[in-house]
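J.: I'd like to ask some things about the structure below.
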Amino acid sequence: MAMKKRRRLIAEKKTAKALARKEAAKKTKEKDNLEAKASK
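So, in structure tokens, the structure goes:
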């Protein structure tokens, strides 16, 4: 029983990390686009 709970926590941490990475990538992409526009 405890193992199942722990496994779910680990899975949730992984998905949270993946989501955070996706958000960060989106932000850096937007920043790059803004910089590209500014340098034109």
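Heads up: the sequence shown begins at 1 in full-length UniProt numbering, then just goes up one per residue. All C-beta atoms, glycine included, are put in the ideal place defined by N, C-alpha and C.
Helix, strand or coil: which one does DSSP assign to lysine 40?
T.: Within the sequence shown, the letter at position 40 stands for residue 40. Coil.
J.: Alpha carbon to alpha carbon, how far is alanine 25 from residue 64? Give it in angstroms, no decimals.
T.: It is not possible to answer for residue 64, since the shown part of the chain is limited to 1 through 40.
J.: Can you grab the Cα-Cα spacing for the pair glutamate 12 / glutamate 23, in whole Å?
T.: Taking the first residue of the sequence shown as position 1, residue 12 is located at position 12. Taking the first residue of the sequence shown as position 1, residue 23 is located at position 23. Answer to the nearest angstrom: the Cα atoms are 16 Å apart.
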